[in-house]
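For the protein sequence lines, the chains are A and B, in the order given. Going by our numbering, the first residue of the first sequence is number 91, and it counts up by one from there. Going by our numbering, the first residue of the second sequence is number 2, and it counts up by one from there. Cβ atoms here follow ideal geometry from the backbone N, Cα and C, with glycine treated the same way. Here the structure is laid out as structure tokens; the discussion comes afterwards.
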Amino acid sequence: MSDQGPLTVPEGPRGRLLVVGGGIAGLSAAIEAAEAGFGVALVEREAYLGGRVAQMHQYFPKLCPPLCGLEINLRRLRSEGGPVSRDPRRVSAPWGASGSLAYLTLTEVQEITRVSGGRHRVRLRQRPRFVTARCTACGACTSVCPVERPHPFDLGLRSSKAIALPHAAAFPTLYAIDRDACEPSCTRCVSACPQQAIDLGMPERELELEVAAVIWATGWEPYGAKALTDLGFGAHPDVITNLMLERLAAPQGPTGGRITCPSDGRVPERVAFVQCAGSRDVDHLEYCSGVCCLASAKQARYLRAAHPGVDVSIYYIDRRAAGNQERFLATTAEDERLQFVPGKVARVDVSGRFPVLEFENVATGRLEAATADLVVLATGMVPSQSDTPAFRELGRDAWGFLTGLEARTNEPSAGQFVAGCARQPMDVSSSVRDATSAVARALAWGRTGRNAFDRRGAP
Amino acid sequence: MSGIAVLLCEGCELGSALDMGALTRLASGQQGVGTVKSVPCLCSEAGADVLRECASDEPSAMVLGACAARFMPLTTKDCRCRIERVALRELAVWSHEARHDETQALAGDYLRMGLIRALKSAAPEPDVREVERTVLVVGGGAAGIAAALAAAGAGYRVVVVEQGAELGGWLRETKRLPPSRAPYRDLEPSPLDSLVNELVSLPLVTVHAGATVARITGEPGRFEVELRTPGGTTALRAGGIVQATGFTPYDANRLPHLGYGDSPDVVTTFELERMLAAGPVCRPSNGQPARRIAFVQCAGSRDPAHLPYCSTVCCRTTLKQALWAREIDPDCEAYVVAKDLRSPGVHEAFYRRAQEDPLVFFTKGEVRRVKVGKSGSLSVEITGGLLGDDVELPADLVVLAVGMVPRASNNDALRELSDARAALAKGGPGQAAAEETIRRLEVLADTGTLGLGYRQGPDLPLDRYGFPDSHFICFPYETRRTGIYTAGAVRAPNDLEACCIDGQGAALKAIQAIEHAAEGLAMHPRWGDVAPPTFNLQRCTQCKRCTEECPFGTLDEDERCTPKLNSTRCRRCGICLGACPERIISFPDYSIDIVSTLVKSVPIPDEFEESPRILVFACENDAYPALEMAGLHRHTYSAYVRVIPVRCLGSVNVIWIADAMAMGYDGVLLLGCKPGDDTQCHFMRGSDLMATRSENVKQKLTQLALEDERVRIEYVAITDFSTLGGRIDAFVERIQEIGLNPFKDV
């Protein structure tokens, strides 16, 4: 388990597995695989594990913090017993993440070559963090750093120093430097660090590894709201995306969890959610992201709880909530100051002081307008892409989701699997199940050297 | 063995904020301590050398007074002894005033606690026994087949039990499916035959068709299974179990307002499936072609009077059937009436495909009723639709898209029934009540699915919708019976692909359960814990609290109601330890004695020093990590508190609270996860149990003429670390207002 230093991944009782992506799908796949006897290398492009769920304030329908489930998974990854004790028997057990799971942040898979016996040789490239594992997260560097830059984790809603912890609960707990933001030839952090943990000359490094199977769990990015010019994003500061609202609501977010209008910091009185902002739309994303309806319901709930005086309207085409999520949607609708309005928003007029939504009300058949203090665009998920040769070789559908990885045994990508939102838009629970099932297929591949069955079980 | 080795880190301001000499002297004076060293920086290369050197002396345990393990791994596999981390940095130095007597006292108390844990924790002895590397799959539909293929693919023996004469379940009832592959537009053939052929070809797989499970006893790794088979009974052993018992369609007879039963031309989607497979769709009443087919979505679904949930797949089934009917008869028209058309994710493309068909019409609205005319004509009354007007839609055939009901048994009712039967057989008081219970529940007598011979009933506990309960967001396969995992439509309404994914995932979990059982390691969420509890049965009063309160049905009872441990069912939460009034339950590294000793190890300043002491029990899952994070971010709070991590609020035995009050602590704060319907307790019931127990504690305090406010429960999420200090301070202030504990001198 090391982020720096040599990459040692033992050959587990089931062989060795590479998992690409450290979000909830990849993290789940890696840990489930380690606990099923694989030696696992988990690589993550960002500087921390946890992916998108680490950015979320709450999960629907329980309105609970994602870091809670993440904590259990990270504890599994660290193979601790409890928070204070470690017993030697656990550490030496062959079934478990201890000693058999190595993770690398800031790392991408460059190339995968099929070698004999159905195995894969993998070339990894790790970008420099410029901070070594000696970092104790004391913060001395941040206090001397002269550069403020938009904080990527908080989607630019606040600034942070060029050297910072990627986010308040980041794992690994190591600072990282945004070198592109640094002042030329500034070395203040280097002198301030009591641990000599800063290495501005840290090189990029390449690592090689041979594995039996690969699971791609490269996740998603929010659809670029800037393309939604009709909806006013970028033209009015109080038109924000659903992910931005998650950060505004998070206790460690830019406003300390106080949800306010970015324009002037006032508490909004009228909040409008625009569902399918760029989704189910042939000009943007043809598909539905499957989670935005419930995400907006969740956000409406925590908004109403935080600001009892706020009125919320959710403009929708279809309210989509699968299985037991239906009850969450139904109880959300019981709130008298929370309206579901059937109708797709055609335009948000941002010429005035307040954004004005223009929509066709399906219930009345009329074109109507509504003014809001804060407009939340429920934007969908776009599968993350990469321009590495390894990624370029993967089959994908018209929208960029990875497909065709359940290939027949003889094809080059056999032995590579896909899980989570890299495959389809899906919620957290589905991602965890998808990841676990991908490990089952990798296990069979590792043992038999053939794809005994695909995702639908078909041989 | 050279006693306990203590290493104190001086880095991260520890050396300057604390009197390290005093800490060294404190440690050296404790029982069992061998060497004590301070190190300028334990996480440096030089520190690692000291650690290695220390470990090579083979100490009985190591105590590292440094930072929290979550932020800085210090030890490696070379350190083969028990290691106690004392997070002086987060819990003392970074969250309290430097060079202050109270901070020094706090650090000293935490160090002493670490030494006590190291001294008192026995080396855990894992329960390593033979396991059966066989996965039992109950149910031979799509999810069950997928589970069996996955388990066999991983090299495990598989036994599939299918109640029907053939494998396939509901998949056997359908010939064509909605798309599962990009571009998600075209109907697909059923994969059933290839699935079944593959399955039966595998030498590792045994299929029992026409069979059901009669009884399962034992525990993960060692389940004893008895099957009812057409030839009689079969006994076998299994290590892990996948329950994939599927669903039944919602009974359309309960929907008289939708015309079902009134007209043969009102059918369900399941009935239409057979009609479509047979060829052109005709009206059952007169055999004439059905030219106008009306699909009624959510027939009994999303309806609190029927099924409160959404069955997820009905909308896509309808799209498929509409396109299929249109393909067979290009002149027929399909009308789909839906409140919301649900084709989530990539399946939007399939909806679009149907929208492109000029003779498939979509109407938004709710169906009030289906009217059957005297001549047998049908019309669908739609309300709340476009323009708010009511609409009547005449149709030749009305198709009710009915939902899915999980085929899971009502564990609570079955348990009540068997308890009543036992009471009746035993005689004594309560005969009439038992007879009444039997009369009420007898109808369920043969509805069991797994036949678990568990104290807490024969099946998996269900959630409020009738699905086997689990942490459905973060850990969707977990049930409340270790080693038994649900998959497919019994877990949640699922389409075919999700069922197969589920089956494969559940098989993986069953495999993990087997291999962890083989090593004596616990499963979720204390993965890899080696130490099951022990019971000092001489002092057991057979009160049954442990067997009742265990969230996972770990404990059975003998005929005298003495608890009987099934160690691989145990998740190590310690709720039994918290429940036991006789205090006879211990883990080698977590016991009444260890925690009581920690509680008593803190010197209580006398009443004249005006320095209160507040004991905090913090759940290790959220609250304790939140405290460590609060420290990392230098959020400060009162130095009067002493925090002891516990495995779960439910593992807190009230004797610890009583000890604390008797010792002269001024208040006790319990920090744990949110209870209730949306509980965040990782052990499901811990916070709810503690809430009940603390009421008893408050009554006792009142009896002792102590203010009941001296004991408080706060529910803490892991993300509360920025505000947690303030909440602690508020409690300390309240205690100071109440005044110090008058029992300090006693």
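Within 8 Å of any Cβ in chain A, is that where the Cβ of residue i sits?
| i | result |
| --- | --- |
| Y466 of chain B | yes |
| P60 of chain B | no |
| K601 of chain B | no |
| W528 of chain B | yes |
| A183 of chain B | yes |
| Y478 of chain B | yes |
| S406 of chain B | For the sequence presented, residue 406 of chain B should be read as Val rather than Ser. It does not: the Cβ of V406 of chain B has no partner Cβ on chain A nearer than 8 Å. |
| R422 of chain B | no |
| L633 of chain B | yes |
On the three-state DSSP scale, how would you describe residue i?
| i | result |
| --- | --- |
| Q389 of chain A | helix |
| W306 of chain A | strand |
| H258 of chain B | helix |
| C55 of chain B | helix |
| D557 of chain B | strand |
| H634 of chain B | coil |
| D524 of chain A | helix |
| K340 of chain B | coil |
| H326 of chain A | coil |
| M471 of chain A | strand |
| F128 of chain A | coil |
| Y185 of chain B | coil |
| L702 of chain B | helix |
| M91 of chain A | Reliability of the predicted coordinates at M91 of chain A is poor, the pLDDT of 49 falling under 50, and the value obtained from them is presented with this limitation in mind. Three-state result, M91 of chain A: coil. |
| F271 of chain B | helix |
| S576 of chain A | Because residue 576 of chain A is not part of the residues shown, which for chain A are 91 to 549, the question remains open. |
Between residue i and residue j, what straight-line distance do the alpha-carbon atoms span, to the nearest angstrom?
| i | j | result |
| --- | --- | --- |
| E382 of chain B | V371 of chain B | 6 Å |
| P589 of chain B | G536 of chain A | 38 Å |
| P327 of chain A | P352 of chain A | 6 Å |
| M405 of chain B | A493 of chain B | 9 Å |
| M91 of chain A | L299 of chain A | Confidence in M91 of chain A is poor, its pLDDT being 49 and thus under 50, which makes the residue's placement too unreliable to answer from. |
| P184 of chain B | D487 of chain A | 7 Å |
| A61 of chain B | A124 of chain B | Before going further, note that residue 61 of chain B is Ser rather than Ala in the sequence given. If you take the alpha carbons of S61 of chain B and A124 of chain B, they lie about 10 Å apart. |
| P743 of chain B | G665 of chain B | 8 Å |
| A480 of chain A | L108 of chain A | 13 Å |
| R142 of chain A | R356 of chain A | 28 Å |
| S302 of chain B | V531 of chain B | 45 Å |
Go ahead and label residue i buried or exposed: buried means 16 or more other beta carbons lie within 10 angstroms of its beta carbon, across all protein chains shown.
| i | result |
| --- | --- |
| R275 of chain B | exposed |
| F351 of chain B | buried |
| F609 of chain B | exposed |
| H101 of chain B | exposed |
| A119 of chain A | buried |
| G145 of chain B | buried |
| K427 of chain B | exposed |
| E738 of chain B | exposed |
| C562 of chain B | exposed |
| L15 of chain B | buried |
Residue i CB to nearest chain B CB: under 8 Å?
| i | result |
| --- | --- |
| P155 of chain A | yes |
| T350 of chain A | no |
| R135 of chain A | no |
| I162 of chain A | yes |
| V205 of chain A | no |
At least 3 beta-carbon pairs within less than 8 Å: the region 171 to 184 of chain B vs the region 216 to 235 of chain B:
no
Is the number of C-beta pairs between the region 670 to 690 of chain B and the region 565 to 578 of chain B that are closer than 8 Å three or more?
yes
Between the region 136 to 155 of chain B and the region 504 to 522 of chain B, can you find at least three pairs of beta-carbon atoms closer than 8 Å?
yes
Could you say if the region 150 to 157 of chain A and the region 375 to 395 of chain A meet the contact criterion of at least three C-beta pairs nearer than 8 Å?
yes
Contact between the region 274 to 292 of chain A and the region 217 to 229 of chain A: three or more CB pairs below 8 Å?
yes
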